[in-house]
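Trainee:
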Ligand SMILES: [Fe+2]
Ligand SMILES: [Fe+2]
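Numbering (the working numbering), first residue to last: 1052 to 1335.
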């Protein structure tokens, strides 16, 4: 039986999570507005120096294969488009949130949650482009934030002796363990956070059910995409302390996507190549 005082503390912590940096929220609003100009977007992003530096670094990675070095946000928008720049800004903003938390209890390397989340975002986008291209940007956001609930539960896991004992038997903090100790898993906590940030319902559902998409109301494809993208990145071991884990894939997700074991293997290769390209700096 989970203590109700613990549940109360967790819910209170969720409420106290600070909002995403204002510039990220503003950029999300602007990129959803078809009337907005590149100059306006440029103005908002350029106000945040750290964010601008990160965006330029990403633009100049080999992933985008641009023919020239990008040195300003307005050039980035011109060459890569609003949506790509939006995703870059969001990734940098989410990193600023993750960087404040020690999540080694979840078997991540130092800052591994940022690498894992970015990889899942790229994998989500890769899968969405094949299954439903209109979902690509939302899928990227869902991948980026799918594990955000861990920033709350990680703290309580570290404080719990029983958890630490169980963890020494197996390095993986399972959903079952979270449900046993907290009465909720990190996915549910994450969906509350996304709700607090006023994210659209399809995103809160995808985050909330990224480990059990068949249980989500209406079984939205976005939850299935996030689930598969997570599995791909767990197999690749991105951000983890171990070389990679192979959770089984539910029959429902094979059915919903028409994927086979071979398709998943191909996806792993494709995502790995995309990730290698984002970390390599451009040679021009
Ligand atoms: Fe998760
Ligand atoms: Fe994950």
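Ideal Cβ placement from N, Cα and C applies to all residues, glycine included.
Indicate the three-state DSSP secondary structure (helix, strand or coil) for residue 1291 in the structure shown.
Mentor: Residue state, collapsed to three classes: strand.
Trainee: Out of 1116, 1246, 1076, 1140, point me to the one whose CA is closest to residue 1130's CA.
Mentor: The residue with the shortest Cα to Cα distance from residue 1130 is 1116.
Trainee: Identify, in the order they occur along the chain, each residue of the same chain with its Cβ nearer than 8 angstroms to the Cβ of residue 1334, setting aside the five sequence neighbours on each side.
Mentor: At residue 1334, the pLDDT of 42 sits below 50, so the modelled position is not reliable; the number obtained from the coordinates is stated separately. Excluding residues within five positions, the ones whose Cβ falls inside 8 angstroms are 1113.
Trainee: Below 6 angstroms CB to CB, which residues in the same chain sit around residue 1170 once its five sequence neighbours on both sides are set aside?
Mentor: Hits under 6 angstroms: 1284, 1289, 1326.
Trainee: Note down, one range per segment and in chain order, each alpha helix (DSSP H) of at least 4 residues found wholly within the region 1212-1273.
Mentor: The region 1212-1273 contains these whole alpha helix (DSSP H) runs: 1212-1220, 1226-1233, 1237-1247, 1252-1259.
Trainee: Return the Cβ separation of residue 1272 and residue 1196 in integer angstroms, given the expectation that the two are a contact with Cβ distance under 8 angstroms.
Mentor: In fact, because the Cβ distance is near 17 angstroms, the residues do not count as touching under 8 angstroms.
Trainee: Give the C-beta separation of residue 1257 and residue 1277 to the nearest angstrom, bearing in mind that I take them to be a contact with Cβ-Cβ under 8 angstroms.
Mentor: Right, their Cβ atoms sit about 5 angstroms apart.
Trainee: Among the residues of its own chain, which have a CB less than 8 angstroms from the CB of residue 1304, if the five just before and after it don't count?
Mentor: These residues qualify, in order along the chain: 1264, 1265, 1275, 1278, 1279, 1310.
Trainee: If I measure Cβ to Cβ from residue 1328 and keep anything under 6 angstroms in the same chain, skipping five residues before and after, which residues do I get?
Mentor: Cβ within range, chain order: 1113, 1114.
Trainee: Can the beta-carbon of residue 1260 be found less than 8 angstroms from the beta-carbon of residue 1227?
Mentor: It is not a contact, given that the beta carbons lie outside the stated cut-off.
Trainee: Does the beta-carbon of residue 1238, which I'm using as the reference point, lie nearer than 7 angstroms to any heavy atom of ligand 1?
Mentor: Indeed, a heavy atom of ligand 1 lies less than 7 angstroms from the Cβ.
Trainee: Tell me, to the nearest whole angstrom, how far the beta carbon of residue 1088 is from that of residue 1124; I am working on the premise that it is less than 8 angstroms.
Mentor: So it is not a contact: roughly 13 angstroms between Cβ atoms.
Trainee: To the nearest angstrom, how far is the alpha carbon of residue 1095 from that of residue 1086?
Mentor: For residue 1095 and residue 1086, the distance between alpha carbons rounds to 15 angstroms.
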